[in-house]
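See structure below.
Protein chains: 2
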Amino acid sequence: MNFNDFVDHYRNRVQGVLAGYLPKKSDKPDAFAEAMRYVALSEGKRLRALIVYAAGELFAIDTRILDQIAAAIELIHAYSLVHDDLPDMDNDDFRRGKPTCHKVFGNATAILVGDALQSLAFQVLSKSESDLLNSKNQLHMIRRLAEAIGIVGMAEGQYLDLSQDFQTLSIEQLDHIHRLKTGELFKLCVELVALASSTCTLEQANHLKIFADRIGLAFQIQDDIQDSVEKDKLNYLQFLSLPEANVRVEELYSEALNSLSAFGTPAEKLRELAKMMVLIPC
Amino acid sequence: MNFNDFVDHYRNRVQGVLAGYLPKKSDKPDAFAEAMRYVALSEGKRLRALIVYAAGELFAIDTRILDQIAAAIELIHAYSLVHDDLPDMDNDDFRRGKPTCHKVFGNATAILVGDALQSLAFQVLSKSESDLLNSKNQLHMIRRLAEAIGIVGMAEGQYLDLSQDFQTLSIEQLDHIHRLKTGELFKLCVELVALASSTCTLEQANHLKIFADRIGLAFQIQDDIQDSVEKDKLNYLQFLSLPEANVRVEELYSEALNSLSAFGTPAEKLRELAKMMVLIPC
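Protein chains in written order, with the numbering used here: chain A, 4 to 285; chain B, 4 to 285.
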C-alpha cells in the first residue's frame, strides 16, 4: 500500500471503529449521545491513530488490537479537545472547521461529553471479547494510558499551559508543557503498540518513544509557526525567530528519523507520517 | 469490631489509601496537585468505601484489594462532585462545609482536577504490583467501572438531571435519573467486590446489586427530604408528599434488607450501613 492509500485506508478504518463504540443514533437519539458522536466522529487528521497503525506494522500486530489502541487514543484526544475548548479553558469557538462542542450543545453537555469520552477510552482498552492480548499486558496498557493523561501527564500540561506567566517562561518550560500536553499522547501511541507486541525489544520501544517525542515537539513548533497570529496563547515564536523555529523543527525531525534507522524499510510509513506532520500541521 | 469502630477504622483507612495515591505536597507543590488533594481528601462520609469494605467481609477478600476498589470508587465520586458543582452545571459554592473546588482554584483547574481524578481511578484499579487479583477479573472490573460512569451510566444521569423539563417529568423518570446518577456507583461498589471474590456466586452478586440499588434510591429520597428547600433542583417532594416519601424510603430500605437475608450474620455491617444511609443522609 502506498502512503496516501495507507492514510485513507486507516483514517476510514478508525472512523468505523469509533462509530462502532459510540452510542448509535437509533439506540440513543438524545443530545448527549449526539454530542459524543459530533466530537468523536468529526473528521480529523487522525495522526495518533495513523502512528498506531504504522508502528503496528513493525511488529505484525493483529489489526484488531491496533483498532483498540487507536480508538482509545483518539477518544482521549477528542475528550481533551472538548474540555480545552471550553470558555473556562481556551475558549475556542471553532475546531476542525466546525463550531466547538459547547457552542452547539452548551457548556454542561460539553463537560459531560469529555468525561464520557475519557471513560469510553478505558472501556475500549479493557475490552476482552478476544484473547488477542495477554491480560497482564492489557492491564499494563490501561495503566500507562491512565498515567499519561493525568496529573503527571496531559492534564498537568493543560494546567501549566493555562497558568503560566508568559513573561517569565523559558523555552525549556515551554518544551516541558508541550511534552506533557501533546507529547505524552504521541508517545503513548507507540508505547501501547510496544506493549501489545510479543516481539518488540526494550531498545526498539525506546527508539519509538524518542521518535514520538521528537516528532511531537516538531509538530507543535510547526503548528505554532502556522498559527502565530494568536497572540494571547503560548507560542514558540515568542522565544524563537521564524528562521530559528524552522531550524529547530528540522533538527527534531532529523532526530525522529534517526531513531527509526534500526527498523529499516518496515518503518517507511512512520517516516512518511513524520514528514507529513512537520509539513501539514493540524 | 462494632459498627462505630468499623466506620471510624475504614474511613481512616481509605483516607490513608487515597493520600498514598494522590500527588504529595513535597513532590508536587503546585495548585493543581493541591486542588486534587483538596477534593479527594476532603472529609466525607465515605459511604461508598464503607460499602466496599462491608461487602468484602462477606467473602473474606484481601483488604488490599478492597483498598484498591474503595479508593477507585471514591476518586470517581470526587471527580463527579467537582464537575457537578461547576457553574456550568449545578453551580454550587459549598461542598462538605467547605468552598467548592472551583471557588478556591478556579473553573479551569476544577475541570482538570475532575479529569485527572477520573484517570487516577483507572490507574488505581489497574495497579498490578501484587498478584492478588486474577488479571482477567481485574480487566473485567476496569471495564465495569468504565461502563458505569459513562454514557449509559453516571454521566448520562447528570446530563438527564440537567436537561429535564421539570413540568413533564414522571417519578419513574426521576428514579431512572437517580439510578444512573448515583445508583450506578453504589451498585459498582458491590459489583467490583463480587468480581474480586473467588467464591461469590451469581445469585449472591445479584442479591448485592439489588441491595445497592434499593439503598441507593432510598438514600436519594431521604436526601431530598432533608434538602427540600432548594426549589430549582429536581426533588422527590415535587412528586410525593412528605408522608409518601417516607413510606417509599421505608419500602426501599426493607427491600434492601431482604436482599441481604441469605447472607446471615456476616452481612451485619451492610445492614448497619443501610440504616445509617436512610437516617443520616450526606
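Beta carbons: idealized from backbone N, C-alpha and C, even for Gly.
Since this is a predicted model, take the numbers as computed values, not measurements.
At a C-beta separation below 7 Å, B:Q141 has these neighbours in chain A: L142.
According to the DSSP assignment, A:C104 belongs to the alpha helix (DSSP H) that extends over 104 to 108.
DSSP places A:K101 within a strand segment (E or B) once states are collapsed to three.
In this model, A:L142 and B:Y24 are separated by some 18 Å (Cα to Cα). Residue state for A:F189 is assigned as helix, using DSSP reduced to three classes. Rounded to the nearest angstrom, the Cβ distance from B:L191 to B:A151 is 5 Å, consistent with a contact under 8 Å. Approximately 18 Å separates the beta-carbon atoms of B:A277 and B:A248; this is outside 8 Å, ruling out the contact. Counting the other Cβ atoms within 10 Å of the Cβ of B:G117 gives 16 or more, which makes it buried. Judged by DSSP in its simplified three-state form, B:P246 adopts helix. A contact between stretches requires three or more CB pairs, one per stretch, nearer than 8 Å, and the stretch 56 to 67 of chain A fails this requirement with the stretch 21 to 37 of chain A.
Under the Cβ distance rule, A:R146 counts among the residues neighbouring chain B, one pair being separated by less than 7 Å. In chain order, A259, A277, M280 place their CB closer than 6 Å to the CB of B:I218, counting only its own chain and leaving out the 5 sequence neighbours on each side. Annotation for B:S200: F62, I64 place their beta carbon closer than 6 Å to its own, counting only its chain and skipping 5 residues before and after. With respect to the C-alpha of A:Q241, the residue from A:K106, A:F35, A:Y13, A:I174 having the closest C-alpha is A:I174.
Counting other Cβ atoms within 10 Å of its Cβ, B:N238 reaches 16 or more and is therefore classed as buried. In this structure, the straight-line span from the alpha carbon of A:I224 to that of A:V252 is close to 7 Å. Judged by DSSP in its simplified three-state form, A:K139 adopts helix. For the 7 Å CB-CB criterion, A:A43 and A:L128 do not form a contact. In the structure shown, the three-state DSSP call for B:E258 is helix. Following the DSSP letters along the chain, one finds A:K27 in no alpha helix (DSSP H), marked with neither H nor E. A residue is called buried when at least 16 other Cβ atoms come within 10 angstroms of its Cβ; B:F222 meets this threshold and is buried.
Taking 7 Å as the cut-off, the Cβ atoms of B:A124 and B:I79 count as close. Within the stretch 148 to 169 of chain B, contact with chain A at the beta-carbon level (separation under 9 Å) is assigned to L148, A149, E150, A151, I152, G153, I154, V155, G156, M157, A158, E159, Q161, Y162, L163, L165, S166. Neighbourhood of B:S29 in chain A, by CB distance below 9 Å: empty, with the nearest CB roughly 15 Å away. Linking B:A119 to A:L188 through their CA atoms gives a straight-line distance of about 15 Å. Counting only residues of its own chain and dropping the five nearest sequence neighbours on each side, A:L89 has a CB closer than 8 Å to the CB of H105, N110, A113, I114.
Proximity to A:A52 across A:Y162, A:D30, A:S262, A:G19 peaks at A:G19, based on C-alpha coordinates.
For the set B:Y41, B:R16, B:N137, B:N94, the Cα lying nearest the Cα of B:R49 is the one of B:R16. Residues of chain B whose Cβ lies closer than 8 Å to the Cβ of A:Q121 are, in chain order, D118, Q121, S122. In this chain, the alpha helix (DSSP H) harbouring A:A221 covers 205 to 229. For A:V155, there is no enclosing alpha helix (DSSP H), as DSSP marks it with neither H nor E. Where A:A57 is concerned, the enclosing alpha helix (DSSP H) starts and stops at 50 to 61. Under the DSSP assignment, B:F35 falls in the alpha helix (DSSP H) whose first and last residues are 34 to 43. Closer than 7 Å to the CB of A:L115 there is at least one CB belonging to chain B. In the DSSP assignment, A:D87 falls within the alpha helix (DSSP H) that extends over 66 to 88. With respect to the 7 Å criterion, A:R98 and A:G47 are not classified as neighbours on the basis of their beta carbons.
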